[in-house]
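A.B. asks: Can you read through this structure? Questions will come right after.
In my numbering, the protein residues as written are 8 to 723.
In structure tokens, the structure reads:
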């Protein structure tokens with residue numbers, strides 16, 4: 008499909024008609040579905056609210072499914088000309104993927120664990136090999152491979168398959184794992200006896216986290232509520248017996264999570280809301296015992312705990328907006344017994360820490376850039392892990408052994424593929440273990456930059472760009488601007504195999520670290536939530552205008568993209584500044600804010616009052632109402648839009664994007680394409696198989712390229 012200008016010179020159109028076959032002239036363009044309107048209303052704070060498309064919530068109604076299928080058919084008809092490009096992009100992305108590959112083995116106890124992929128197979132195969140006990144537990148590539156999970160076999164015959172939790176018992180015999188086969192993110196527990204290869208009869212529905220006790224016979228499980236999806240119930244499961252309730256979280260704003268301390272001596276239970284945390288501990292060798300709260304529950308106090316040699320390490324925001332790290336005796340963990348190890352820094356966010364027998368690693372962030380610092384308990388010295396690129400991301404890569412002297416670190420940048428290092432925690436020296444192979448990719452052809460836009464209130468907003476070298480800053484370049492900006496989740500400067508196909512066609516990719524994430528510290532999140540949420544939208548608009556003013560692109564060449572809460576961002580900015588963007592891709596977008604947040608029976612609603620606001624309170628209601636995308640659609644022109652969703656989405660129900668498209672189509676005054684694409688067999692994350700996921704992304708990229716007028720362009 009080609010998107011021609013709406014106005015065509017009359018004489019040119021006349022000659023075009025003479026040259027066009029009569030059969031083509033007779034063909035009518037596809038007609039978009041028109042969703043039926045059904046009266047529905049509700050009174051909120053004295054206001055009568057109507058919603059003509061409320062009926063689309065009825066997932067079991069055949070008319071709803073028929074409407075969604077009609078939208079898919081319309082999208083397919085409108086994008087039939089994209090098929091060759093989509094196929095070509097799929098081939099390019101697949102060609103840059105090493106289809107048969109092996110992850111870096113990681114030691115846990117007596118074994119090294121790894122996953123491998125095989126060409127043509129959608130899912131990984133998870134394996135382990137016995138370590139060389141007589142050689143310092145070194146990796147032995149000649150040891151027999153034991154396949155723990157062949158996800159391809161487990162997924163056979165299923166449209167969707169995902170493994171969530173994965174934990175081997177301390178005695179190496181049992182594997183506890185959880186799976187989702189529809190995309191709704193409700194995971195069923197399975198326990199496999201690795202000595203026989205047989206599944207045990209122990210199974211529990213809706214498990215969100217788990218931890219083994221030291222006896223290798225007891226599992227602690229957190230189960231979510233079937234309706235609200237709130238993780239509110241802690242269970243103890245003795246293999247072969249029925250699970251027993253240990254604790255139920257009564258406060259609706261809190262979710263539970265369970266895990267092991269780094270030294271595996273404790274089971275940790277964490278109750279967490281947006282602004283408050285409570286951690287309780289149970290000795291792992293006393294599974295029938297009672298959990299003991301470390302610091303109780305104090306509104307506004309967030310903290311995380313680990314244990315080493317009778318001492319607790321507590322990362323706390325008490326008197327420390329960006330967190331600090333303190334220690335305290337296990338028996339007396341109160342603030343009066345704290346000793347400060349990492350002081351609070353208003354310019355540096357302490358994101359997390361990892362504790363080992365001889366070392367500690369602090370993961371920090373400053374000016375939207377991560378860093379790792381290593382503390383040596385022996386000489387009380389600090390070392391900072393240094394990287395050369397100006398824009399990158401680095402994270403803990405999983406170092407499960409408490410006694411390890413090597414720290415596993417994952418590194419990547421917009422031009423550097425994912426790379427695995429082991430860092431010697433004593434010397435700070437790095438050892439390269441693996442860099443993801445990207446056949447045909449040459450990083451020297453591309454460059455990334457750090458930019459700073461000034462928001463309307465004077466705040467500096469960081470961005471990063473990646474492009475092929477030689478892009479002219481004259482406003483002519485096509486540019487894709489992406490952002491998220493919610494829940495304190497930061498933007499990350501990562502590598503993308505699929506993105507290379509855009510860069511090779513002259514597209515610039517940019518991501519904005521807008522407020523709502525924690526990119527510049529905890530205040531960055533605070534300034535983009537609750538009654539400050541509009542800063543998120545304004546930062547994005549101001550970042551886009553900055554890119555235009557600096558010559559990176561122009562409104563006619565600017566495509567924007569965001570998913571989930573980032574889809575809310577897309578809907579909000581499309582309402583606020585439809586003239587600034589040529590096209591919008593809103594993925595699984597949270598656009599029906601008011602109807603969702605007013606319905607406490609829906610998943611996630613009550614737990615997110617502290618992020619978005621409680622609309623049962625009038626000031627919060629009025630503020631949220633003023634930006635909710637669905638509630639602020641107007642009779643005016645909008646950019647071209649592609650809206651994608653999954654029928655089984657549990658985070659943002661399918662009906663939000665469906666209703667949004669129906670209402671937008673009824674009100675918008677332009678003739679720009681408005682497309683809804685529904686994956687009828689997946690959820691919030693889209694297709695689960697790696698090849699299916701590539702096909703989905705190839706389609707989205709082909710649509711974007713068509714919007715830039717690059718439908719038939721080759722790589723340059």
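Backbone N, C-alpha and C define an ideal beta-carbon position, used for all residues, glycine too. Treat the numbers as computed from the prediction; the structure is a model and nothing was measured.
In the DSSP assignment, what residue or residues form a beta bridge with residue 557?
C.D. replies: Answer by DSSP bridge pairing: none, since residue 557 is not bridged.
A.B. asks: Exposed or buried, which one is residue 7 when buried takes at least 16 other CB atoms within 10 Å?
C.D. replies: Residue 7 falls outside the range modelled here, since the chain spans only 8 to 723, and no answer is possible.
A.B. asks: So that I know if they touch, is there some Cβ in chain B lying closer than 8 Å to that of residue 246?
C.D. replies: The structure shown contains no chain B, having only a single protein chain.
A.B. asks: For residue 687, count the other beta carbons within 10 Å of its own beta carbon; 16 or more makes it buried, fewer makes it exposed. Which is it?
C.D. replies: exposed
A.B. asks: Below 8 Å CB to CB, which residues in the same chain sit around residue 484 once its five sequence neighbours on both sides are set aside?
C.D. replies: 474, 478, 513, 514, 515, 559, 560 and 564
A.B. asks: Are the CB atoms of residue 146 and residue 135 within a distance shorter than 8 Å?
C.D. replies: no
A.B. asks: On the criterion of 16 or more Cβ atoms from any shown chain inside 10 Å, does residue 303 qualify as buried, or is it exposed?
C.D. replies: Its Cβ having fewer than 16 others within 10 Å, residue 303 is exposed.
A.B. asks: Distance check for residue 267 and residue 276, CA to CA, integer angstroms please.
C.D. replies: 9 Å
A.B. asks: In this structure, how does DSSP classify residue 165 when only helix, strand and coil are distinguished?
C.D. replies: coil
A.B. asks: Could you tell me which residues DSSP puts in a beta bridge with residue 104?
C.D. replies: Beta-bridge pairing by DSSP links residue 104 to no other residue.
A.B. asks: In angstroms, rounded to a whole number, what distance separates the CA positions of residue 450 and residue 498?
C.D. replies: Answer to the nearest angstrom: the Cα atoms are 22 Å apart.
A.B. asks: Per DSSP, what are the beta-bridge partners of residue 173 in this structure?
C.D. replies: For residue 173, DSSP records a beta bridge to 184.
A.B. asks: Compute the Euclidean distance between the alpha carbons of residue 506 and residue 130, then round it to the nearest angstrom.
C.D. replies: 22 Å
A.B. asks: Drop a sphere of 10 angstroms on the beta-carbon of residue 98, count the other beta-carbons inside from all chains shown, and report buried for 16 or more, exposed for fewer.
C.D. replies: exposed
A.B. asks: Flag this pair as yes or no: are the beta carbons of residue 426 and residue 436 separated by less than 8 Å?
C.D. replies: no
A.B. asks: What are the boundary residues of the alpha helix (DSSP H) that includes residue 631?
C.D. replies: 625–634
A.B. asks: I need the straight-line Cα distance from residue 468 to residue 298, nearest angstrom please.
C.D. replies: Looking at the two C-alpha atoms, the distance is approximately 43 Å.
A.B. asks: Return the CA-CA distance between residue 44 and residue 77, expressed in angstroms with no decimal places.
C.D. replies: 16 Å
A.B. asks: Name the residue from 241, 704 and 265 whose alpha carbon lies nearest to the alpha carbon of residue 257.
C.D. replies: 241
A.B. asks: Name the two residues that bound the continuous beta strand (DSSP E) containing residue 195.
C.D. replies: 195–200
A.B. asks: Would you mind giving the Cβ-Cβ distance between residue 332 and residue 528, rounded to the nearest angstrom? I have them listed as a contact below 8 Å.
C.D. replies: Contact flag wrong, Cβ pair sits at about 16 Å.
A.B. asks: Skipping 5 residues on each side, what residues in its chain have a beta carbon closer than 6 Å to that of residue 717?
C.D. replies: 512
A.B. asks: Taking the CB atoms as reference points, tell me whether residue 728 and residue 156 lie closer together than 8 Å.
C.D. replies: What the structure shows of the chain is the stretch from 8 to 723, and residue 728 is not part of that stretch, so it cannot be assessed.
A.B. asks: Going by beta carbon distance, what residues of the same chain come within less than 6 Å of residue 458, once the five residues before and after it are set aside?
C.D. replies: 470
A.B. asks: With a Cβ-Cβ cutoff of 8 Å, do residue 614 and residue 259 count as a contact?
C.D. replies: yes
A.B. asks: If we count the other Cβ atoms within 10 Å of its Cβ and call it buried at 16 or more, is residue 24 buried or exposed?
C.D. replies: Only weak support is given to the placement of residue 24: the predicted model assigns it a pLDDT of 28, under 50, and the question is left unresolved by the model.
A.B. asks: How would you call residue 415, buried or exposed, if buried means at least 16 neighbouring beta carbons within 10 angstroms?
C.D. replies: buried
A.B. asks: Which of the three DSSP states, helix, strand or coil, is assigned to residue 585?
C.D. replies: helix
A.B. asks: Is it buried or exposed for residue 91, if we count other Cβ within 10 angstroms and need 16 for buried?
C.D. replies: Exposed is the call here.
A.B. asks: Return the chain-ordered list of same chain residues with a C-beta closer than 7 Å to the C-beta of residue 606, the five sequence neighbours on each side being excluded.
C.D. replies: 612
A.B. asks: When you compare only the Cα positions, how much space is there between residue 628 and residue 622?
C.D. replies: 4 Å
A.B. asks: Helix, strand or coil for residue 310? Go by DSSP, reduced to three states.
C.D. replies: strand
A.B. asks: Below 6 Å CB to CB, which residues in the same chain sit around residue 47 once its five sequence neighbours on both sides are set aside?
C.D. replies: 58 and 61
A.B. asks: Confirm, please, whether the CB-CB distance from residue 646 to residue 589 is below 8 Å.
C.D. replies: Yes, the Cβ-Cβ distance between residue 589 and residue 646 is below 8 Å.
A.B. asks: Can you tell me whether residue 601 is helix, strand or coil according to DSSP?
C.D. replies: Annotated three-state conformation of residue 601 is helix, per DSSP.
A.B. asks: Start and end of the beta strand (DSSP E) containing residue 398?
C.D. replies: No beta strand (DSSP E) holds residue 398; DSSP gives it neither H nor E.
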